[in-house]
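One structure is given here, and the rest of the page talks about it.
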Amino acid sequence: MVKEPRFSSRLEKPLTTAQYVADYLRKRMLSGEIRAGDRLKQNHLAEMLGVSSTPVREALRDLAAEGLVRLDARSGCVARGLTFQDAEDIYTARLALEPILLKRNFARITPEILEECETINEKMRAETDLVVWARLNNEFHMKLLGIDYPSRMTEIVQQLFEYAEPFVAISLYAHEEQLKRSYDEHRLLLEKHRQNDLEAATELLYRHQKMTLSLIEKKMKDRSVAL
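Using my numbering, you'd call the opening residue of the sequence shown number -2 and step up by one each time.
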């Protein structure tokens, strides 16, 4: 029996304490434990997580950059919540830029990169923590878009992917069929790369992202995740 995907309490080993704190808070925002308008107090978080206030401050700055919290000199840090308008803005930009980046780097995606993407997709198939799944999903797509060949556009698209992470996780919550569909579409996308079929890969990528945005809208309405 396949386990139901979830926002688990398990945290992947982070590179820094600040990442640990940021992951902890993201997961509780996505699960609804932390709601829009909730105040996040640095001292309380530091004591609860057994860390100093410095990584907590860094984590809150990172979350502010992602649009998940609002920093205010008077009220401190307040959870901002997630809105569909944010998701729509992010995906509108992605749908405009990703086909350009795909076309630019299509011929540069080597068999070795495709093998790496295959491995990532298999990891995603086995992953039940949706925050981790969303992160692997970003890694998969950025590999295919040419993150190994840095450019200003690559940096912009990568930032959009990071902004989209929490929305991707929400779109998949309790939606096992979409996890399988994503796995199958990823395999098909790799196949189009191996066949050197840019047109088909571009069309598949477009439909893949449009479907994700549609699911985000449905899930956010169902779960009433709003500012």
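Built from N, CA and C at the ideal position, the CB exists for glycine as well. Quick caveat, the model's predicted, so the values are computed rather than measured.
Flag residue i as yes if its beta-carbon sits less than 8 Å from any beta-carbon of chain D, otherwise no.
i: Gln156; result: No chain D appears in the structure shown, which is made up of a single protein chain.
Which residues does DSSP pair with residue i in a beta bridge?
i: Gly73; result: Asp69
Looking at the structure shown, is residue i part of a helix, part of a strand, or coil, going by DSSP?
i: Leu37; result: strand
i: Asp225; result: Past the edges of the chain, shown from -2 to 224, lies residue 225, and the structure says nothing about it.
i: Asp227; result: Here the chain comprises residues numbered -2 to 224, so residue 227 is not present and cannot be evaluated.
i: Leu79; result: coil
i: Val48; result: coil
i: Val(-1); result: With a pLDDT of 35 at Val(-1), under the threshold of 50, the modelled position of this residue cannot be trusted; read the value that follows with caution. Residue state, collapsed to three classes: coil.
i: Gln192; result: coil
i: Ile117; result: helix
i: Glu63; result: coil
i: Ser28; result: coil
i: Ile97; result: helix
i: Ile106; result: coil
i: Thr14; result: helix
i: Ser211; result: helix
i: Arg204; result: helix
i: Ser6; result: Annotation note: pLDDT 44 at Ser6 (below 50); position unreliable, coordinate value reported separately. In this structure, Ser6 counts as coil in the three-state DSSP scheme.
Counting C-beta neighbours from all protein chains within 10 Å, is the total for residue i 16 or more, i.e. buried, or is it exposed?
i: Ala104; result: exposed
i: Gly29; result: exposed
i: Arg7; result: Low local confidence applies: a pLDDT of 46 at Arg7 is under 50, so the model's placement there is unreliable, and no value is given.
i: Tyr146; result: exposed
i: Pro216; result: Pro is not the amino acid found at residue 216; the sequence shown has Lys there. The residue is buried, with at least 16 neighbouring Cβ atoms inside 10 Å.
i: Asn118; result: buried
i: Lys173; result: As written in the sequence, residue 173 is Glu, which differs from the Lys given in the question. Exposed, by the Cβ-count rule.
Any chance the CB of residue i is under 7 Å from a heavy atom of the ligand SAM?
i: Glu113; result: This structure does not include the ligand SAM; it has no bound ligands of any sort.
Next item on the list: May I have a chain-ordered list of the alpha helix (DSSP H) segments no shorter than 4 residues that lie completely inside the region 120 to 187?
Entry: List check, alpha helix (DSSP H) in window: 127 to 142 and 149 to 169.
Item checked: Stretch-stretch touch, CB-based, cutoff 8 Å, three pairs: the region 88 to 101 with the region 129 to 148 -> Yes, the region 88 to 101 touches the region 129 to 148.
Note to self: Measuring CB atoms only, is the region 189 to 197 touching the region 61 to 71, in the sense that at least three cross pairs come out at less than 8 Å?
What the structure shows: Segments in contact, no.
Check: Do three or more CB pairs link the region 181 to 188 to the region 71 to 85 at distances below 8 Å?
Finding: These segments do not touch.
Check: Quick one: any contact between the region 116 to 133 and the region 201 to 216, if contact means 3 or more CB pairs under 8 Å?
Finding: Note that the region 116 to 133 does not touch the region 201 to 216; fewer than 3 beta-carbon pairs, one per stretch, sit closer than 8 Å.
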